[in-house]
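Heads up: the sequence shown begins at 77 in the numbering used here, then just goes up one per residue.
One structure below.
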Amino acid sequence: MASTEVSQGDSTTSTSKSGMSTVHRLASMEVPAALALLNTTAAGLSGADAAERLIAVGQNALRVHRARPWRVLGRQLKSPILILLFVTAGVSVFLGEATNSIIIGVILVASIGLGFVNEFRAERAGDALHDQVRHTVLVMRDSALAEVDVTALVPGDIVHLSIGSVVAADIRLISCHELSCDEGILTGESLPVEKSSVPSAPDAAIGDLSSCVLMGTVIQSGSAVGLVVETGPRTEFGRIATGLGTQQPQTEFQRGLSAFSLLLLEVAVALTSVIFVANLLLQRPVIDSLLFSLAIAVGITPQLLPAVVSASLAAGSRALTKKSVLVKRLICIEDLGNMDMLVTDKTGTLTEGRITFTAAIPIDSGTSVSHLHLLALLATESERAEGHMVTLGLNPLDAALWNAPASASMHPERYNQLEVLPFDHNRRMTSVLVDDPSGRRFIITKGSPEEVLLKCSRVPGSARSTLDIEYSKGARVVAVAHKFAPDQHGIGAGDEAGLTLDGFLVFLDPPKADAASSLAKLAQLGITVKIATGDSAIVAEKVLSDLGILSAGTLSGNDIDALSDDDLKHSAASATIFARVSPEQKARIIR
Numbered sequence: 077m078a079s080t081e082v083s084q085g086d087s088t089t090s091t092s093k094s095g096m097s098t099v100h101r102l103a104s105m106e107v108p109a110a111l112a113l114l115n116t117t118a119a120g121l122s123g124a125d126a127a128e129r130l131i132a133v134g135q136n137a138l139r140v141h142r143a144r145p146w147r148v149l150g151r152q153l154k155s156p157i158l159i160l161l162f163v164t165a166g167v168s169v170f171l172g173e174a175t176n177s178i179i180i181g182v183i184l185v186a187s188i189g190l191g192f193v194n195e196f197r198a199e200r201a202g203d204a205l206h207d208q209v210r211h212t213v214l215v216m217r218d219s220a221l222a223e224v225d226v227t228a229l230v231p232g233d234i235v236h237l238s239i240g241s242v243v244a245a246d247i248r249l250i251s252c253h254e255l256s257c258d259e260g261i262l263t264g265e266s267l268p269v270e271k272s273s274v275p276s277a278p279d280a281a282i283g284d285l286s287s288c289v290l291m292g293t294v295i296q297s298g299s300a301v302g303l304v305v306e307t308g309p310r311t312e313f314g315r316i317a318t319g320l321g322t323q324q325p326q327t328e329f330q331r332g333l334s335a336f337s338l339l340l341l342e343v344a345v346a347l348t349s350v351i352f353v354a355n356l357l358l359q360r361p362v363i364d365s366l367l368f369s370l371a372i373a374v375g376i377t378p379q380l381l382p383a384v385v386s387a388s389l390a391a392g393s394r395a396l397t398k399k400s401v402l403v404k405r406l407i408c409i410e411d412l413g414n415m416d417m418l419v420t421d422k423t424g425t426l427t428e429g430r431i432t433f434t435a436a437i438p439i440d441s442g443t444s445v446s447h448l449h450l451l452a453l454l455a456t457e458s459e460r461a462e463g464h465m466v467t468l469g470l471n472p473l474d475a476a477l478w479n480a481p482a483s484a485s486m487h488p489e490r491y492n493q494l495e496v497l498p499f500d501h502n503r504r505m506t507s508v509l510v511d512d513p514s515g516r517r518f519i520i521t522k523g524s525p526e527e528v529l530l531k532c533s534r535v536p537g538s539a540r541s542t543l544d545i546e547y548s549k550g551a552r553v554v555a556v557a558h559k560f561a562p563d564q565h566g567i568g569a570g571d572e573a574g575l576t577l578d579g580f581l582v583f584l585d586p587p588k589a590d591a592a593s594s595l596a597k598l599a600q601l602g603i604t605v606k607i608a609t610g611d612s613a614i615v616a617e618k619v620l621s622d623l624g625i626l627s628a629g630t631l632s633g634n635d636i637d638a639l640s641d642d643d644l645k646h647s648a649a650s651a652t653i654f655a656r657v658s659p660e661q662k663a664r665i666i667r
């Protein structure tokens with residue numbers, strides 16, 4: 077979202093008396109009740125009402141930490157070793173060691189300057205990237221559709237969403253048509269989630285809020301009209317973002333420097349005291365004894381240490397920048413090199429983050445792999461343009477099928493697609509009426525195996541065992557079936573019966589080509605790797621198996637919620653996979 081800061085309710089989510097968030101509460105309500113609760117109607121808000129609400133709740137923008145020179149400078153001055161050097165410089169001045177104090181001052185300026193320049197430049201770059209993420213949305217205002225900036229959205233607005241839209245707020249669906257949403261940014265799921273306006277269960281998790289679309293997610297297919305429930309930092313995405321913007325804890329390196337600085341201070345005080353007392357016992361002049369003691373204290377202070385640390389960290393920052401890594405805090409570089417455990421996401425990190433067609437498995441003895449592949453291409457909601465099939469805007473599974481290398485030699489354009497019965501979330505399948513080049517007419521159906529098998533007149537025993545095997549591998553499976561329909565002139569849901577099962581299409585989100593070698597290098601460095609993902613345990617275990625990593629156990633999101641912090645500490649230490657976990661659960665695991 078835009079980078080404007082807001083001050084109203086900038087870090088909390090509205091909750092009911094029961095502790096349930098507003099999003100969860102409205103997700104479980106019928107649409108009329110949800111509209112009434114937010115004091116709005118399906119015709120939307122008036123411009124005046126929207127303006128009043130905008131003043132009351134603030135702009136629909138996440139509160140972000142803007143780059144401020146004095147904040148960055150303040151971070152540099154918090155180092156205990158620098159404070160010790162400031163004291164040393166002051167003592168040097170008191171002792172009349174002007175040259176020594178000037179040298180210490182130059183070292184301090186250089187150390188602080190290196191850290192300030194690198195961190196401020198990184199924060200400015202981060203802000204510039206953040207500011208580029210802006211867009212508009214269609215909203216009902218004064219009973220008419222209007223295009224407004226997302227920062228002007230308020231609870232109670234009625235918005236229209238279409239394919240490709242980035243959801244700008246937490247929204248309760250009023251109506252939708254064939255709607256699916258990519259929620260990977262919140263849940264880690266690699267596949268779109270089907271949505272409807274039917275109320276969700278009261279205790280539904282984020283990934284199960286089927287009656288809502290949440291900020292930051294993307295409309296993958298279909299269209300919808302929805303009611304804005306929460307905006308800005310009160311959204312589910314906003315709570316995560318503002319949580320990331322809170323005060324960062326000290327790194328191990330900072331704690332080590334603090335302990336070292338404290339040790340130096342203790343040694344300096346003790347040594348100065350002993351030398352001063354010894355000189356007094358030897359009846360030396362008091363002033364001379366004090367000056368001599370302070371000089372010893374200054375001498376044992378490592379004056380070049382801050383400069384060496386800053387220069388080393390700056391060199392590390394430059395090396396990472398060459399690999400397109402933005403370092404916002406120099407002090408974190410040492411922690412990166414000192415890492416002994418890595419908890420990583422799966423989708424898009426270990427895997428490609430996109431669905432790939434991997435195999436066509438014929439079940440019917442009269443169907444070849446190539447023929448099954450061709451039938452699947454024909455059963456696509458595509459259009460014709462100048463004799464060619466247009467495949468833009470396909471769902472991820474169909475897009476993966478068309479992008480498969482073998483698809484280029486199939487030539488489905490030779491077949492005459494007469495009519496298409498589109499996919500819907502009740503039937504969970506697509507059917508087409510097609511004439512082949514010889515004029516034979518038949519119906520091809522492609523969709524969820526569980527639904528397609530029910531429409532087949534006969535299902536071989538090998539079909540279900542094959543399906544179970546592919547599911548156990550963590551694959552997404554699509555069934556393809558057909559029947560001849562010589563007298564058919566149209567197609568309806570009632571025609572999806574008496575089919576012959578041709579086979580299954582298998583899709584996977586494959587591991588990245590270099591993931592296995594990267595994990596092997598981490599193992600050589602003694603770094604333990606754990607996976608925290610929104611995907612199922614079966615899928616995560618399969619990916620780790622493909623990458624050559626042995627799993628020591630799996631914890632689900634429900635398992636984590638059932639454990640106390642102490643129990644989770646022990647269970648998380650032994651587990652390798654955390655599956656079906658929300659962002660909040662991931663944060664709890666890290667803590």
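Beta carbons are placed, not taken as given, at the ideal position from N, Cα and C, and that holds for glycine.
Residue i in three-state terms, based on DSSP
{"i": "A436", "result": "strand"}
{"i": "V274", "result": "coil"}
{"i": "K645", "result": "helix"}
{"i": "D578", "result": "strand"}
{"i": "L237", "result": "strand"}
{"i": "R360", "result": "coil"}
{"i": "P268", "result": "coil"}
{"i": "V289", "result": "strand"}
{"i": "S640", "result": "coil"}
{"i": "A573", "result": "coil"}
{"i": "L262", "result": "helix"}
{"i": "I183", "result": "helix"}
{"i": "G172", "result": "coil"}
{"i": "S177", "result": "helix"}
{"i": "T52", "result": "Because the chain is modelled from 77 through 667, residue 52 falls outside the range shown and cannot be assessed."}
{"i": "D500", "result": "coil"}
{"i": "I567", "result": "coil"}
{"i": "V384", "result": "helix"}
DSSP bridge partner residues for residue i (one or two, in chain order)
{"i": "E106", "result": "According to DSSP, which records beta bridges pairwise, E106 is partnered with nothing at all."}
{"i": "T652", "result": "In DSSP, T652 forms no bridge with anything."}
{"i": "L631", "result": "F654"}
{"i": "M216", "result": "L221, I234"}
{"i": "L587", "result": "The question names Leu, but residue 587 in the sequence shown is Pro. P587 is bridged to T427."}
{"i": "V242", "result": "V294"}
{"i": "S485", "result": "Answer is none; S485 lacks a bridge partner."}
Member of the options whose CA lies at the smallest distance from the CA of residue i
{"i": "K531", "options": "R552, K559, D512, S538", "result": "K559"}
{"i": "F329", "options": "G413, V419, D500", "result": "G413"}
{"i": "D563", "options": "F518, L577, D585, S541", "result": "F518"}
{"i": "A277", "options": "T327, V350, V99, T164", "result": "V99"}
{"i": "A127", "options": "P231, D500, I183", "result": "P231"}
{"i": "T425", "options": "F499, R534, G298, I261", "result": "I261"}
{"i": "S219", "options": "P536, D246, T116, S97", "result": "T116"}
{"i": "Y491", "options": "D512, V350, A592, L473", "result": "D512"}
{"i": "P498", "options": "I665, H253, R315, K588", "result": "H253"}
{"i": "S533", "options": "D440, H565, Q600", "result": "D440"}
{"i": "G550", "options": "L267, R248, V213, G240", "result": "L267"}
{"i": "A390", "options": "K399, G574, R405", "result": "R405"}
{"i": "G579", "options": "R129, I282, L450, T227", "result": "L450"}
{"i": "S273", "options": "L529, L102, D571, V350", "result": "L102"}
Delimiting residues of the beta strand (DSSP E) encompassing residue i
{"i": "Q600", "result": "No beta strand (DSSP E) contains Q600, which is instead part of the alpha helix (DSSP H) from 591 to 600."}
{"i": "N492", "result": "492 to 497"}
{"i": "K559", "result": "552 to 560"}
{"i": "I295", "result": "294 to 306"}
{"i": "G523", "result": "517 to 523"}
{"i": "L221", "result": "220 to 225"}
{"i": "L509", "result": "505 to 511"}
{"i": "A608", "result": "604 to 608"}
Limits of the unbroken alpha helix (DSSP H) element including residue i
{"i": "D246", "result": "Per DSSP, D246 belongs to no alpha helix (DSSP H); it is in the beta strand (DSSP E), 246 to 258."}
{"i": "I666", "result": "659 to 666"}
{"i": "D544", "result": "537 to 548"}
{"i": "S334", "result": "328 to 357"}
{"i": "S533", "result": "Counting along the chain, S533 falls outside any alpha helix (DSSP H), though it belongs to the beta strand (DSSP E) covering 532 to 534."}
{"i": "V615", "result": "613 to 622"}
{"i": "L477", "result": "472 to 479"}
Any non-hydrogen atom of the ligand SAH within 7 angstroms of residue i CB
{"i": "P231", "result": "Looking for the ligand SAH in the displayed structure turns up nothing, as the structure carries no ligands at all."}
Note to self: Quick check on the DSSP output: what are the complete alpha helix (DSSP H) runs of length 4 or more inside the segment 111 to 143, in order along the chain?
What the structure shows: If you keep only unbroken alpha helix (DSSP H) runs of at least 4 residues inside the segment 111 to 143, you get 123 to 133.
Notebook entry, point to check: Which ranges does the beta strand (DSSP E) cover as unbroken runs of at least 3 residues, wholly within the segment 405 to 459, from first to last along the chain?
Noted result: As far as the segment 405 to 459 is concerned, its whole beta strand (DSSP E) runs of at least 3 residues are 417 to 420, 432 to 438.
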